[in-house]
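Inspection log for the structure reproduced underneath, given as structure tokens.
Residue numbers (this note's numbering): 42 to 126.
Given below as structure tokens:
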């Protein structure tokens, strides 16, 4: 039996949970500017599968890459790191 290849993981904050079994996660990262060499903060949104509808807006979650589940969903929530206060 083959071992699975490593899958990408991201950590971010849930910014929307209005869809059924889907959350939108905003992951922040820093990228170096190609000309000026300065680090620029950027944000990318991911649609992630939340099977039990457990996530709420403001929760910090960890997501993992998975097979395509819909037109926009290619990630799933693996754990809730911190609940919103």
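Glycine included, each C-beta is placed from N, C-alpha and C at the ideal position.
Residues of its chain near residue i, where Cβ-Cβ distance is below 6 Å and the 5 sequence neighbours each way are ignored
| i | result |
| --- | --- |
| residue 54 | 67, 101 |
Check whether residue i and residue j have beta carbons under 8 Å apart
| i | j | result |
| --- | --- | --- |
| residue 104 | residue 118 | yes |
| residue 72 | residue 83 | yes |
| residue 89 | residue 114 | yes |
Chain C within 8 Å of residue i, Cβ atoms only
| i | result |
| --- | --- |
| residue 116 | You won't find chain C in this structure, because it holds only one protein chain. |
Residue i: first and last residue of the uninterrupted beta strand (DSSP E) it sits in
| i | result |
| --- | --- |
| residue 114 | 114-123 |
| residue 9 | Given that the chain is displayed from residue 42 to residue 126, the structure contains no residue 9 and the question cannot be resolved. |
| residue 69 | 63-73 |
Per-residue DSSP class, three states only, for residue i
| i | result |
| --- | --- |
| residue 84 | strand |
| residue 92 | coil |
| residue 98 | coil |
| residue 105 | strand |
Neighbourhood of residue i by C-beta, 7 Å cutoff - its chain only, sequence neighbours within 5 removed
| i | result |
| --- | --- |
| residue 122 | 52, 101, 102, 103 |
Candidates the options: closest to residue i by CA position
| i | options | result |
| --- | --- | --- |
| residue 64 | 46, 78, 95 | 95 |
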